[in-house]
Amino acid sequence: MRHRSQADSKLSNRRRVLAEIHLNGPIARSRIAANTGLTPASISRIARSLIDSGLIEEGEPAAIEPRVGRKFVDLRIRPGSRYLSAIAINAFRQDVVVADFTNRIVAHRRLRFPDLNDAEAVIETCASTLALLIDELDIDRRALSGCGIAITGAVDTSVNRLRSAPALGWGDVDLQSIVLRHLDCPIHSDNIPNAKNLAAHCFGPTRKADHVLLFNASLAIGCSLMIEGRLFRGHECRAGMIESMRIPQGEGGRLLPVDRVAGGIGVLGETKERPDAGDAERLVDLMAKAEAGDAGYCERLRSAGRSLGTVILNADSLLHPDRLLLSGPLLDASAYLEGALEEIARWMPQHTIKDRLAIVPMTSYEAAQSLAVHALLFRDEGFVRRCGPSSSNEEGSPP
């Protein structure tokens with residue numbers, strides 16, 4: 013086992029303080045000390061180092077002030093101190109964004125391709141467009157701290173490599189080497205359901221839940237499983253890829269792939285195995301007509317939603333997670349969401365639904381940018397070090 017040096021402890025403590033400020037800020041030094049177990053003196057020294065680096069700043073005096081002595085002053089991430097970029101790719105849409113370290117989007121661009129057949133060309137275009145967007149914003153490339161990639165398929169996060177993406181018809185693709193042609197920063201990748209699950213766990217409604225199952229309803233259906241606070245990746249990183257699952261088409265209907273029954277390609281009435289570039293616009297148009305009152309399209313969406321509800325109930329009966337999350341563009345169709353909730357309510361008590369089920373209205377590009385922020389806070393060993401030298405007086409461990 014590697015010996016933990018004093019320098020390692022100092023950097024670890026800076027990371028813990030930075031994470032507290034990012035996740036809970038604006039936050040007083042005393043609250044950070046209570047949450048981390050570090051001494052107030054250590055918190056003050058670490059905070060001063062982070063302020064000097066330009067990464068955080070002092071805000072207004074806290075609402076609760078001490079009876080004597082210095083007023084409590086909250087700490088917060090300084091907007092524009094660091095930037096991150098993100099790429100999101102699935103069959104439904106393709107986007108690039110630039111955000112600052114507060115997780116605030118400063119620029120977003122949606123890309124449109126005539127087809128998605130050439131994986132390398134699609135990723136190359138996304139990366140080059142992102143680089144141009146960064147230049148248009150006049151962002152110093154040295155302030156670009158990372159790039160998050162959320163993509164459909166099986167992603168080997170250890171090497172930022174897409175192993176397969178059946179919904180796109182893609183095989184093995186080296187995401188990192190393509191993106192690094194245009195961006196000189198750390199790359200962090202995962203599939204879209206995992207990125208959403210991680211974002212909800214770190215920044216959203218499941219921060220206190222360790223066992224979470226998320227379903228993402230788009231042209232295809234994907235899911236993500238978190239066990240004991242860690243994403244379960246499965247054999248060849250394929251956990252959550254359920255395109256081969258068969259479910260009945262309606263009551264007592266024949267067994268068909270889940271995407272053709274509960275996914276967007278099923279709503280469109282397609283019998284093909286994977287969507288094509290034009291299906292997203294067709295689905296959006298169908299959803300709009302359903303919202304405008306088209307009874308036939310409403311029933312299509314409601315039926316597909318009920319089928320998703322069946323999948324969720326079966327998965328819940330096997331895994332019994334603490335929380336169930338639903339996300340994805342199909343949930344923007346009220347008939348689809350109603351169908352899913354109606355089916356779940358047939359078999360799950362209302363109090364259980366209230367306690368365990370949540371709708372997560374998160375786009376794939378928001379998940380991608382949150383993936384980058386999460387990596388900087390918890391995975392990128394060099395980020396805190398790159399933000400400036402740690403003080404020689406910072407304490408090495410909690411008392």
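Residues 13 to 411 in our numbering are what the sequence shown lists, from first letter to last. Cβ coordinates follow ideal geometry from the N, Cα and C atoms, glycine included.
Buried or exposed, going by whether 16 or more other CB atoms sit within 10 Å of the CB of Lys208?
With at least 16 other beta carbons inside 10 angstroms of its own, Lys208 counts as buried.
Rounding to the nearest angstrom, what Cα-Cα distance links Met253 and Val167 in this structure?
Met253 and Val167 have their C-alpha atoms roughly 11 Å apart.
How far does the alpha helix (DSSP H) with Ser346 in it reach, from first residue to last?
DSSP places Ser346 in the uninterrupted alpha helix (DSSP H) bounded by 346-359.
How would you call Lys22, buried or exposed, if buried means at least 16 neighbouring beta carbons within 10 angstroms?
Per the 10 Å Cβ criterion, buried.
Name the DSSP beta bridge partners of Val372, please?
DSSP lists no partner for Val372.
Following the continuous alpha helix (DSSP H) through Ala19, name the residue where it begins and the one where it ends.
Segment 18-36, the alpha helix (DSSP H) holding Ala19.
Note down the Cα distance separating Gly81 from Asp64, rounded to an integer number of angstroms.
Its pLDDT being 46, under 50, Gly81 is placed unreliably in this model, and the coordinates cannot settle the point.
Any chance you could list the alpha helix (DSSP H) runs of at least 4 consecutive residues sitting entirely within the region 297-353, in chain order?
Fully enclosed alpha helix (DSSP H) runs of 4 or longer: 307-331.
For Asp392, which residues in the same chain have their Cβ closer than 7 Å to its Cβ, ignoring the five residues on either side in sequence?
Gly158, Pro198.
Ranges of the alpha helix (DSSP H) found wholly within the region 203-274, counting only runs of at least 4
Correct list: 204-215, 270-274.
Going by the CB atoms, is the gap between Asn228 and Ser4 shorter than 7 Å?
Within the shown structure, residues of the chain are numbered from 13 to 411, placing residue 4 beyond reach of any answer.
Alpha carbon of His223 to alpha carbon of Ala251, nearest angstrom
Using only the alpha carbons, I get a separation of about 15 Å.
6 Å Cβ shell around Ala31 - same chain, five flanking residues per side excluded:
Cβ neighbours of Ala31 within its own chain (closer than 6 Å, five residues either side excluded): Leu389.
Between the region 102-120 and the region 132-141, do three or more beta carbon pairs fall short of 8 Å?
For the pair of segments examined, the region 102-120 was found to touch the region 132-141: the number of CB pairs separated by less than 8 Å reaches three.
Report the option in Arg88, Gly37, Arg122, Ile55 whose CA atom is closest to the CA atom of Glu378.
Here the closest residue by C-alpha is Arg122.
Collapsed DSSP secondary structure at Arg412 in the structure displayed
Nothing can be reported for residue 412: it is not among the residues displayed for the chain, which extend from 13 to 411.
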